[in-house]
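These notes are about the structure you will find just below.
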Amino acid sequence: MRKRELKKFEKVLNEMRHQLLDNARKALSGDIHLDPDDFPDEIDTASSESGLAFIGRLRERERVLLQKIQDALERIEEGGYGVCSSCGEEIGLKRLEARPVATLCIDCKSQQEKLEGRT
76 MRKRELKKFE KVLNEMRHQL LDNARKALSG DIHLDPDDFP DEIDTASSES GLAFIGRLRE
136 RERVLLQKIQ DALERIEEGG YGVCSSCGEE IGLKRLEARP VATLCIDCKS QQEKLEGRT
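So for the sequence shown, my numbering puts the first residue at 76; every next one is plus one.
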């Protein structure tokens with residue numbers, strides 16, 4: 076992969092990281108809490124708890140994505156970005172443009188999904 080392409084992906088990954096961290100800061104600065112006195116009945120309480128659980132799942136997904144972004148940035152620094160971790164071939168630019176944190180080429184990813192029963 077050319078230096079220009081690596082710089083482009085490094086910029087995209089840093090922008091993704093910045094946006095996720097910014098969203099997390101906004102979420103943390105918000106006043107997320109449950110006060111039982113705020114809800115007149117059990118249905119309102121359950122609805123609020125469900126909403127908080129959903130937000131928690133989103134935060135966990137963002138945490139995982141942040142780690143993948145960090146790993147991709149490290150691969151750029153070490154010279155391994157854009158190389159399939161399974162077969163060692165280059166990951167196609169279109170795939171990296173669609174998923175900059177990809178570690179598998181499209182063929183290996185398809186095979187992995189077949190083994191996991193996704194397709």
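We put the beta carbon where it would ideally sit given N, CA and C, even for glycine.
None of these values were measured; they are calculated from a predicted model.
Residue i (DSSP reduced to helix, strand or coil)
i, result
"Val176", "coil"
"Glu164", "coil"
"Leu109", "Low per-residue confidence applies at Leu109: pLDDT is 47, beneath 50, and the placement is therefore not dependable, though the value from the model is reported in the following sentence. Here Leu109 sits in coil by DSSP."
"Val87", "helix"
Residue i vs residue j beta-carbon contact at 8 Å
i, j, result
"Leu148", "Leu88", "yes"
"Glu85", "Ile166", "no"
"Arg174", "Ile181", "no"
"Leu168", "Glu80", "yes"
Range covered by the alpha helix (DSSP H) that runs through residue i
i, result
"Cys183", "Ile181 to Glu191"
Chain C within 8 Å of residue i, Cβ atoms only
i, result
"Ala177", "Here chain C cannot be found, since the structure has a single protein chain."
Identity of the residue in the options nearest residue i by Cα
i, options, result
"Lys83", "Gly157, Leu95, Lys101 and Leu179", "Gly157"
"Arg136", "Asn98, Asp182 and Gly163", "Asn98"
"Lys78", "Asp146, Gly192 and Gly155", "Gly155"
"Gly163", "Cys183, Glu172 and Lys101", "Cys183"
"Ser277", "Ser185, Val139 and His93", "Residue 277 is absent from the structure shown; the chain starts at 76 and stops at 194."
"Val176", "Gly192, Cys159 and Leu190", "Cys159"
Close Cβ partners of residue i (< 6 Å) along its chain, the five nearest in sequence each way excluded
i, result
"Met91", "Ile144"
"Leu95", "Glu137 and Leu141"
"Asp146", "none"
"Met76", "Gly157"
"Glu172", "none"
Own chain residues within Cβ distance below 7 Å of residue i, not counting five before or after
i, result
"Gly131", "none"
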